[in-house]
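**Q**
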Amino acid sequence: MSNVVIIGAGPTGLVLALDLARRGVAVRVLDRSPGPQTGSRGKTLHARSIEVLADLGAGREIADIGTASQKYRKYFNGEFVSDSVPFGEQTLFLPQWGVERILRDKLGKHGVHVEFGADLVGFTQDGNGVLAELADGSRIEADYLIGCDGGRSTVRKLLDLPFIGESAQQQSMICGDVEVDGLDRGYWHQWVDDDGAFFLCPFRDSTVWQVQTGPEFDADGRVVEPSLKTFQRRFEKHTRIEGVRLRNATWVSSWRINVRMVDRLRVGRVLLAGDAAHVHPIAGGLGMNTGIQDAWNLGWKLAFVVSGQAGSALLDTYNEERLPIAAWTLDLSSERLDAAMAKLSTPGVGLDTVAVAETSGLGIHYRWSSLAAESFGDLRTGDRAPTGSAAGPLFTVLGFGEAGRRAQLEVAGERADLVRAGTATEGFGVDDGIVLIRPDHHIAVISTEAKPVLHYLDELGH
Numbered sequence: 101m102s103n104v105v106i107i108g109a110g111p112t113g114l115v116l117a118l119d120l121a122r123r124g125v126a127v128r129v130l131d132r133s134p135g136p137q138t139g140s141r142g143k144t145l146h147a148r149s150i151e152v153l154a155d156l157g158a159g160r161e162i163a164d165i166g167t168a169s170q171k172y173r174k175y176f177n178g179e180f181v182s183d184s185v186p187f188g189e190q191t192l193f194l195p196q197w198g199v200e201r202i203l204r205d206k207l208g209k210h211g212v213h214v215e216f217g218a219d220l221v222g223f224t225q226d227g228n229g230v231l232a233e234l235a236d237g238s239r240i241e242a243d244y245l246i247g248c249d250g251g252r253s254t255v256r257k258l259l260d261l262p263f264i265g266e267s268a269q270q271q272s273m274i275c276g277d278v279e280v281d282g283l284d285r286g287y288w289h290q291w292v293d294d295d296g297a298f299f300l301c302p303f304r305d306s307t308v309w310q311v312q313t314g315p316e317f318d319a320d321g322r323v324v325e326p327s328l329k330t331f332q333r334r335f336e337k338h339t340r341i342e343g344v345r346l347r348n349a350t351w352v353s354s355w356r357i358n359v360r361m362v363d364r365l366r367v368g369r370v371l372l373a374g375d376a377a378h379v380h381p382i383a384g385g386l387g388m389n390t391g392i393q394d395a396w397n398l399g400w401k402l403a404f405v406v407s408g409q410a411g412s413a414l415l416d417t418y419n420e421e422r423l424p425i426a427a428w429t430l431d432l433s434s435e436r437l438d439a440a441m442a443k444l445s446t447p448g449v450g451l452d453t454v455a456v457a458e459t460s461g462l463g464i465h466y467r468w469s470s471l472a473a474e475s476f477g478d479l480r481t482g483d484r485a486p487t488g489s490a491a492g493p494l495f496t497v498l499g500f501g502e503a504g505r506r507a508q509l510e511v512a513g514e515r516a517d518l519v520r521a522g523t524a525t526e527g528f529g530v531d532d533g534i535v536l537i538r539p540d541h542h543i544a545v546i547s548t549e550a551k552p553v554l555h556y557l558d559e560l561g562h
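FYI, in our numbering the residues of the sequence shown are 101 to 562.
1) What are the complete beta strand (DSSP E) segments, minimum 3 residues, inside the region 249 to 282?
2) Is Ser542 helix, strand or coil when you go by DSSP?
3) Candidates Gly282, Ala297, Cys301: which alpha carbon is nearest Met273's?
4) Val129 and Ala121: beta carbons closer than 7 angstroms?
5) Could you compute how far the alpha carbon of Ala235 sits from the alpha carbon of Ala158?
6) Got a sec? Which residues, its chain only, sit under 7 angstroms from Gln409 by beta carbon, not counting five neighbours each side?
7) Given a cut-off of 7 angstroms on the beta-carbon distance, is the pair Ala147 and Leu430 in contact?
8) How far does the alpha helix (DSSP H) with Pro302 in it extend, from its first residue to its last?
9) Shortest alpha-carbon distance to His338 belongs to which of Pro381, Thr487, Glu179?
10) Just to confirm before moving on: does the CB-CB distance between Ala403 and Val125 stay below 7 angstroms?
11) Return the first residue and the last residue of the beta strand (DSSP E) that Trp197 is part of.
12) Pairs of beta-carbons, one from the region 109 to 116 and one from the region 391 to 399, closer than 8 angstroms: are there three or more?
13) Quick one: give me the first and last residue of the alpha helix (DSSP H) that Thr339 is part of.
14) Taking all protein chains shown into account, do 16 or more other C-beta atoms lie within 10 angstroms of the C-beta of Lys206, making it buried, or fewer, making it exposed?
15) Which word fits Phe317, buried or exposed, when buried means at least 16 other C-beta atoms lie within 10 angstroms of its C-beta?
16) Rounded to the nearest angstrom, how far is the Cβ of Leu423 from that of Leu386, given a contact under 8 angstroms?
17) Beta-carbon within less than 7 angstroms of Arg484's beta-carbon, same chain only, minus the 5 sequence neighbours each way: which residues are those?
18) Could one say the Cβ of Gln508 lies closer than 7 angstroms to chain D's Cβ atoms, at least one of them?
19) Mark Trp428 as exposed unless 16 or more other C-beta atoms lie within 10 angstroms of its C-beta, in which case mark it buried.
20) I'd like the span of the alpha helix (DSSP H) that includes Tyr556, first residue to last.
21) So, is His213 buried or exposed, given that buried needs 16 or more other C-beta atoms within 10 angstroms?
22) Would you kindly check if the distance between the Cβ of Ala512 and the Cβ of Val497 is under 7 angstroms?
23) Taking the straight line between their C-alpha atoms, what separation do you get for Gly211 and Val127?
24) Do you know offhand how far Phe528's Cα is from Arg480's?
25) Entirely within the region 346 to 398 and at least 3 residues each: give me those beta strand (DSSP E) ranges in chain order.
26) Could you tell me whether the Cβ atoms of Phe216 and Ser133 are closer together than 7 angstroms?
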């Protein structure tokens, strides 16, 4: 019997699986696709997600395939307008298949391999666990089942959860991966005119470019299934460039604006994460990043519960913390999309409007959470801890001043199963005290003595 079965092997499911596996949780990852997906799909990793992947041991590999400080080259009505670098070093542009490959490789080192071709068709649950049924008739028992299976989630549908929001058929985009010669690979080329846009983004150490452009519609107003020929026609229409051929379309897809989310993330022993729980407009690249951060919030809680180190009520804080963030992210991505669309007709602006500080994820906090205990100082409980102050799968305890260091040693000594002693860093605004940081690097407790910290750990999830 597995502790956890994860449905879906995209970035959300793989991050969750890797976080669980490194904690010794018995996990299986099932995906109905016949094999790894090859499309570039989501191509933006923001600062907070990069921090998460680094803590999971994938930071160097991710950096090796990503492009930081991506340069944009903008054209209007076929004429060059300007270059810009709206995102800096803290954002990476890279193909989603590359992220997934790195995570699968890391997961494999823990003896966990994605089971492709495994199609979930049903499940039942009771107070003791979940019984999942696959299309081939096989059954899998687990303590918990997590749906990370995308916007068309089977898990969500089997739970009969409403997917609240709207879809806009007329606000659509077609995407794909192509090869093209004759363009400078140092730039994300963005052609805009009064009739639409055509974007070509290169990837590091690859011949592939990701295409984004508007679709063609049939007489009934439906999006025509895209193809390489569609891309070529749209390229010629918007770029005014002759003699350049797009070729070798290895991935082709159509996308329409969906702004939807569930009203809860947990139903008993079944939970949802990523696009299975919320889908976003494409602006800002927030979909993949929000899913990764869902997994980051859930992973340590799930591991502590299945190991008996915390009560099952700890899982309710996943819903408590992440559902408001999902709603906020839907609002932010919708706002950024509206801003970008409004500025597309302004030469030299366009997608630059997407680059706002909020997309980094570094400012996300859980101050309202029941896991946010007492605090004082410059930061509040629920805030993200300063960079470099915590690492690894356990809680981190920091001591400031002589009394704080004594309290730190007391906590680390009594709860070595949950806590590691860290080195105090700047940025907390605490001169004499103790700080407990959660495994997902958010501040849990700021106190002047050990007792409140030990009580917090003893009561976790109870």
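Every residue, glycine too, gets a C-beta built ideally from N, C-alpha and C.
Given the structure is predicted, the values throughout are model-derived calculations rather than measurements.
**A** Well, looking at it:
1) Within the region 249 to 282, complete beta strand (DSSP E) segments of at least 3 residues are found at 264 to 280, given in chain order.
2) Looking up residue 542 in the sequence shown gives position 442. Correcting the residue type first, residue 542 is His in the shown sequence and not Ser. In this structure, His542 counts as strand in the three-state DSSP scheme.
3) Numbered from its first residue, the sequence shown carries residue 273 at position 173. Taking Met273 as reference, the option from Gly282, Ala297, Cys301 with the minimal CA-CA separation is Ala297.
4) Numbered from its first residue, the sequence shown carries residue 129 at position 29. Numbered from its first residue, the sequence shown carries residue 121 at position 21. Result no, Cβ atoms of Val129 and Ala121 do not sit closer than 7 angstroms.
5) For this step, residue 235 is matched to residue 135 along the sequence shown. For this step, residue 158 is matched to residue 58 along the sequence shown. Distance from the CA of Ala235 to the CA of Ala158, rounded to the nearest whole angstrom, comes to 33 angstroms.
6) For the purposes of this step, residue 409 is taken as the residue at position 309 of the sequence shown. Correct list, in chain order: Asp517, Leu518.
7) Position 47 of the sequence shown, counted from the start, is the residue given in the question as residue 147. Position 330 of the sequence shown, counted from the start, is the residue given in the question as residue 430. No, these two residues do not count as a Cβ contact at 7 angstroms.
8) The sequence position of residue 302 within the sequence shown is 202, counting from 1. In the DSSP assignment, Pro302 falls outside any alpha helix (DSSP H) and lies within the beta strand (DSSP E) extending over 296 to 302.
9) Your numbering for residue 338 matches position 238 in the sequence shown. The candidate whose alpha carbon is nearest that of His338 is Glu179.
10) If you number the sequence shown from 1, residue 403 lands on position 303. If you number the sequence shown from 1, residue 125 lands on position 25. The Cβ atoms of Ala403 and Val125 lie closer than 7 angstroms to each other.
11) Translated into positions along the sequence shown, residue 197 becomes position 97. Following the DSSP letters along the chain, one finds Trp197 in no beta strand (DSSP E) but inside the alpha helix (DSSP H) bounded by residues 196 to 208.
12) At 8 angstroms Cβ cutoff, the stretches touch.
13) The residue you call residue 339 lines up with position 239 of the sequence shown. Boundaries of the alpha helix (DSSP H) around Thr339: 328 to 339.
14) If you number the sequence shown from 1, residue 206 lands on position 106. With 16 or more other Cβ atoms inside 10 Å of its own Cβ, Lys206 counts as buried.
15) The sequence position of residue 317 within the sequence shown is 217, counting from 1. Per the 10 Å Cβ criterion, exposed.
16) In the sequence shown, counting from the first residue as 1, residue 423 sits at position 323. In the sequence shown, counting from the first residue as 1, residue 386 sits at position 286. Cβ-Cβ separation between Leu423 and Leu386: approximately 16 angstroms, too far for a contact (criterion under 8 angstroms).
17) The sequence position of residue 484 within the sequence shown is 384, counting from 1. Leu462, Ile464, His465, His541, His542.
18) Absent from the structure: chain D. Only one protein chain is present.
19) Taking the first residue of the sequence shown as 1, we reach residue 428 at position 328. The residue is exposed, with fewer than 16 neighbouring Cβ atoms inside 10 Å.
20) The residue given as residue 556 occupies position 456 in the sequence shown. It spans 551 to 558 - the alpha helix (DSSP H) in which Tyr556 sits, taken as one unbroken run.
21) Here residue 213 refers to the residue found at position 113 of the sequence shown. His213 comes out exposed.
22) As a position in the sequence shown, residue 497 is number 397, starting the count at 1. As a position in the sequence shown, residue 512 is number 412, starting the count at 1. Yes, they are a contact pair.
23) For the purposes of this step, residue 211 is identified with residue 111 of the sequence shown, where counting begins at 1. For the purposes of this step, residue 127 is identified with residue 27 of the sequence shown, where counting begins at 1. Annotation: Gly211 to Val127 spans about 10 angstroms, alpha carbon to alpha carbon.
24) By one-based count along the sequence shown, residue 528 stands at place 428. By one-based count along the sequence shown, residue 480 stands at place 380. Taking the straight line joining both Cα atoms gives about 9 angstroms.
25) List check, beta strand (DSSP E) in window: 346 to 361, 370 to 372.
26) Residue 216 sits at position 116 when you count from the first residue of the sequence shown. Residue 133 sits at position 33 when you count from the first residue of the sequence shown. Taking 7 angstroms as the cut-off, the Cβ atoms of Phe216 and Ser133 count as close.
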